[in-house]
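Numbering (the numbering used here), first residue to last: 24 to 273.
Okay, here's the thing in structure tokens:
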């Protein structure tokens with residue numbers, strides 16, 4: 024990815040990386056598959072395989088679409104999307120990311136807004152407190168600490184601080200697992216098992232067309248987000264005129 028960006032972009036310091044907005048949208052599409060799969064009685068293996076293939080195929084379509092949009096010089100039309108509409112898309116998908124974080128941190132199933140009330144259960148006080156403190160620390164570091172090593176060091180130190188505090192409180196690793204603070208270990212997978220989860224024979228191809236509307240939304244969001252990235256670079260380089268369409272194809 025970085026080699027392609029370096030060769031094709033007019034911005035010599037450009038960095039190729041995963042589009043975080045796209046990941047949020049893909050997570051929403053996988054969530055749809057899980058919901059439909061439960062209704063259809065699919066096995067966990069079929070759900071996992073279908074989700075992996077759906078994400079891979081959607082990512083390929085997005086990449087091809089970005090190149091086509093750039094080659095046809097259509098980016099100016101994508102930039103005409105009303106900002107409240109784009110914000111609404113992101114807010115909708117962002118809710119499910121928030122729900123997923125709360126679900127992982129609490130150990131409860133969180134989906135529709137009504138399920139948020141269960142997080143007030145006194146039994147979850149410790150988990151929710153730790154979740155809130157961790158989130159606030161990372162938010163503070165993101166907005167207040169400008170050094171490029173700040174967030175990596177924070178991500179490294181948070182688990183260390185957790186286990187130091189747990190030891191000080193007299194909690195062993197098994198105690199933390201029993202309280203739902205640390206997951207139990209899982210066995211490692213061999214190459215054969217890894218191949219099984221991407222075996223196309225288990226893919227429920229009939230479900231993928233139901234995601235076409237979401238795929239179109241994903242393409243629009245990623246294209247719009249990419250154009251905003253180029254606009255931010257352009258704002259920092261007022262003496263240079265960047266070609267939005269060329270940067271999009273890169």
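Just so it is clear, CB atoms sit at the ideal spot from N, CA and C, and this is done for glycine as well.
- Residue 253 counts as buried, since no fewer than 16 other beta carbons sit within 10 angstroms of its beta carbon.
- Less than 7 Å divides the Cβ of residue 52 from the Cβ of residue 237.
- Comparing C-alpha distances from residue 72 to each of 257, 196, 208, 223 shows the shortest one belongs to 223.
- For residue 82, the secondary structure class from DSSP, reduced to helix, strand or coil, is helix.
- Counting along the chain, residue 125 sits inside the alpha helix (DSSP H) bounded by residues 106 to 129.
- DSSP, reduced to helix, strand and coil, places residue 242 within a helical segment of the structure shown.
- Cα atoms of residue 261 and residue 123: separation of roughly 41 Å, rounded to the nearest angstrom.
- Looking at 263, 143, 244, the one whose alpha-carbon comes closest to that of residue 88 is 244.
- In the DSSP annotation of this structure, the continuous segment of the alpha helix (DSSP H) that includes residue 185 starts and ends at 173 to 191.
- By the 16-neighbour rule on beta-carbons within 10 angstroms, residue 77 is buried.
- For the 7 Å CB-CB criterion, residue 143 and residue 133 do not form a contact.
- Excluding residues up to 5 positions away in sequence, 92, 246, 250, 267, 268, 271 lie with their Cβ nearer than 8 Å to the Cβ of residue 98 in the same chain.
- The count of Cβ pairs closer than 8 Å, one atom from the region 161 to 179 and one from the region 187 to 195, stays below three, leaving the stretches out of contact.
- Under the three-state reduction of DSSP, residue 146 is assigned to helix.
- For the 7 Å CB-CB criterion, residue 74 and residue 56 form a contact.
- Here residue 44 is buried. Its C-beta has 16 or more other C-beta atoms within 10 Å.
- Within the model, the alpha-carbon separation for residue 160 versus residue 154 is close to 10 Å.
- Your pair residue 129 and residue 150 checks out as a contact, with CB atoms roughly 5 Å apart and the cut at 8 Å.
- Contact check for residue 68 against residue 227 fails: the beta carbons are separated by 7 Å or more.
- With 16 or more other CB atoms across the displayed protein chains lying within 10 angstroms of its CB, residue 85 is buried.
- Of 201, 40, 50, 165, the smallest CA-CA separation from residue 116 is found for 50.
- Just so you know, the alpha carbons of residue 165 and residue 176 end up roughly 12 Å apart.
- Annotated as proximal: residue 120 and residue 47, with beta-carbon spacing under 7 Å.
- By a beta-carbon distance limit of 8 Å, residue 181 contacts residue 157. Their separation comes to about 6 Å.
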